[in-house]
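In this note's numbering, the protein residues as written are 17 to 123. C-beta atoms are modelled at their ideal positions from N, C-alpha and C, and glycine is treated no differently.
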């Protein structure tokens, strides 16, 4: 399935990478935390690890480690802005539910 990146998210990621001055893409992963069990992790990537899968959509490389891919395959990454609030938003077909604050999910 892979990872899909909206036009808005791709533009924002390009801006972040350009401002940073280095990096080959964004790492999308999960960590155990929160009231629902898993939380998304999004960070810059300077090099690809041996167990990483690399997806490219809308000109942005998304790197995911093998353990996280099970939870993230098919995810759509978007970027939204609502008043003073802005950030990346994840639409994950593998998630069965989210906590009330939206910071964690379960599968």
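According to the Cβ coordinates, are residue i and residue j closer than 8 Å?
i, j, result
"residue 41", "residue 76", "yes"
"residue 87", "residue 46", "yes"
Helix, strand or coil: how does DSSP classify residue i here?
i, result
"residue 23", "helix"
"residue 91", "coil"
"residue 63", "coil"
"residue 82", "helix"
Quick one: what's got a C-beta closer than 8 Å to residue i's C-beta in the same chain, skipping five residues either side?
i, result
"residue 64", "40, 70, 79"
Looking only at its chain, what residues have a beta carbon closer than 6 Å to the beta carbon of residue i, apart from the 5 residues adjacent to it on each side?
i, result
"residue 90", "17, 109"
Judging by CA-CA distance, which residue of the options is the nearest neighbour of residue i?
i, options, result
"residue 30", "101, 95, 106", "95"
"residue 57", "83, 99, 97", "83"
Going along the chain, which residues of its own chain have a beta-carbon closer than 7 Å to the beta-carbon of residue i, five neighbours each way excluded?
i, result
"residue 25", "93, 94, 95, 104"
"residue 48", "54"
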